[in-house]
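These notes are about the structure you will find just below.
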Amino acid sequence: MNTRRTMLVANWKMNKTVVEAVGWLNTFYPQAAERAAQQELVEVAVCAPFTVLHPLYVALRRLNSKVKLGAQDVFWQERGAFTGEISAEMLQEFRTKYVICGHSERRVLLQESSEMVSRKCGAAVKAGITPILCVGESISVRRGGLLLQWLEAQLYESLAFWDNQETIVVAYEPVWAIGTGQSATAADAEQACGYIRQVLRERAGEMADHISILYGGGVTPENIGELLDCPNVDGALVGGASLDPDAFGKIVLAGCKEQPK
Ligand code: 13P
2 MNTRRTMLVA NWKMNKTVVE AVGWLNTFYP QAAERAAQQE LVEVAVCAPF TVLHPLYVAL
62 RRLNSKVKLG AQDVFWQERG AFTGEISAEM LQEFRTKYVI CGHSERRVLL QESSEMVSRK
122 CGAAVKAGIT PILCVGESIS VRRGGLLLQW LEAQLYESLA FWDNQETIVV AYEPVWAIGT
182 GQSATAADAE QACGYIRQVL RERAGEMADH ISILYGGGVT PENIGELLDC PNVDGALVGG
242 ASLDPDAFGK IVLAGCKEQP K
């Protein structure tokens with residue numbers, strides 16, 4: 002049997018000051034995180050802005066919490082004259098377990114290429130941080146019938162760094178579903194996530210069955226159940242709904258009901 006954990010990952014994007022982040026944790030923690038912590042096959046992580054990683058690290062340690070920290074970006078160089086960038090080693094100081102690489106907001110707004118994304122993922126794994134590699138199509142790609150070709154190309158280019166053994170997480174995030182309140186249907190999510198696993202299997206064989214593939218884009222407490230019921234959807238990367246500790250708590254509790262895949 003595979004032992005893919007159900008992963009519920011908050012992506013706060015450019016939201017929350019220190020006071021807001023710690024306040025969020027104080028509300029979220031008692032209701033959901035403790036319950037999730039009792040289940041070995043559920044992983045909860047918060048990908049927070051750089052400025053709140055340290056206060057969250059301190060607060061999570063104080064709570065002896067199993068909630069993991071994640072960052073939203075990393076640079077591929079280890080150090081040097083790269084104004085404004087952050088290295089994997091700097092993230093590691095706060096036990097950052099995950100880092101989002103290649104989110105579509107960065108690919109689209111900041112012209113991050115898949116080659117850059119691959120280098121970022123490579124820097125993360127070298128430092129022992131698991132990349133959450135984001136891939137996904139625009140509405141024009143989908144309408145043009147090019148979904149599968151697009152996903153395959155993005156995966157191959159973004160995974161150029163990968164030696165097929167290191168732990169990675171992949172998130173399928175259709176651009177048209179992000180922040181629009183228009184989630185993919187469970188069938189759409191399963192089709193894309195199943196195809197991603199097929200591409201990973203061609204590349205890495207059985208290892209692909211151990212890789213967590215998440216869905217992201219318009220996830221809410223209302224639709225999380227049907228998304229997690231999909232055989233190839235192992236969890237969710239949650240934007241807007243994760244900002245509200247009650248809503249994210251409900252999403253985590255839904256994940257606690259899932260059977261391991
Ligand atoms: P929303 O959940 O706000 O649609 O954002 C999804 C996302 O981009 C997660 O990385």
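So for the sequence shown, the numbering used here puts the first residue at 2; every next one is plus one.
Idealized CB from N, CA, C, for every residue including glycine.
Give a yes or no on contact between the stretch 184-199 and the stretch 101-121, applying the rule of three or more CB pairs nearer than 8 Å.
-> no
Is it the case that the CB of L238 approaches a heavy atom of the ligand GDP more closely than 8 Å?
-> As for the ligand GDP, it is missing from this structure, which binds only the ligand 13P.
Contact check, E259 vs V43, beta carbons under 9 Å = What you label residue 259 is simply residue 258 of the sequence shown in a count that begins at 1. What you label residue 43 is simply residue 42 of the sequence shown in a count that begins at 1. Taking 9 Å as the Cβ cut-off, E259 and V43 qualify as a contacting pair.
Compare the beta carbon distance of A49 and W77 with 9 Å and say whether it is the shorter of the two.
-> Working through the sequence shown from its first residue, we reach residue 49 at position 48. Working through the sequence shown from its first residue, we reach residue 77 at position 76. No; because the gap between Cβ atoms is not below 9 Å, this pair is not in contact.
According to the Cβ coordinates, are V100 and V75 closer than 9 Å?
-> What you label residue 100 is simply residue 99 of the sequence shown in a count that begins at 1. What you label residue 75 is simply residue 74 of the sequence shown in a count that begins at 1. A contact, by the Cβ cut-off of 9 Å.
Taking the runs of the beta strand (DSSP E) that are 3 residues or longer, which of them lie wholly in the stretch 46-72?
-> 69-72
Beta-carbon proximity list for G241, same chain, < 7 Å, skipping 5 on both sides | For this step, residue 241 is matched to residue 240 along the sequence shown. Around G241: G180.
Minimum C-alpha distance to L149 - residue among H55, A190, I225 | Indexing the sequence shown from 1 puts residue 149 at position 148. It is A190 whose Cα lies nearest to the Cα of L149.
Run the proximity test for V100: is its beta-carbon closer than 8 Å to any non-hydrogen atom belonging to the ligand 13P?
-> In the sequence shown, the residue the question calls residue 100 occupies position 99. For the ligand 13P, not one heavy atom lies less than 8 Å from the Cβ of V100.
Pull up the distance between the alpha-carbon of E167 and that of R80, whole angstroms please.
-> Locating residue 167 in the sequence shown gives position 166, counting from the first residue. Locating residue 80 in the sequence shown gives position 79, counting from the first residue. Rounded to whole angstroms, E167 to R80 spans 23 Å at the Cα level.
Rounded Cβ spacing between F51 and A72 (contact assumed at less than 8 Å) | The residue given as residue 51 occupies position 50 in the sequence shown. The residue given as residue 72 occupies position 71 in the sequence shown. Correct: roughly 7 Å between the Cβ atoms.
Inter-residue Cα distance where the pair is D210 and V200 | Within the sequence shown, residue 210 is the residue found at index 209, counting from 1. Within the sequence shown, residue 200 is the residue found at index 199, counting from 1. In a straight line, the C-alpha of D210 is about 11 Å away from that of V200.
Provide the residue span of the alpha helix (DSSP H) that contains I225, from first to last.
-> Locating residue 225 in the sequence shown gives position 224, where the first residue counts as 1. Run containing I225: 225-229, per the alpha helix (DSSP H) assignment.
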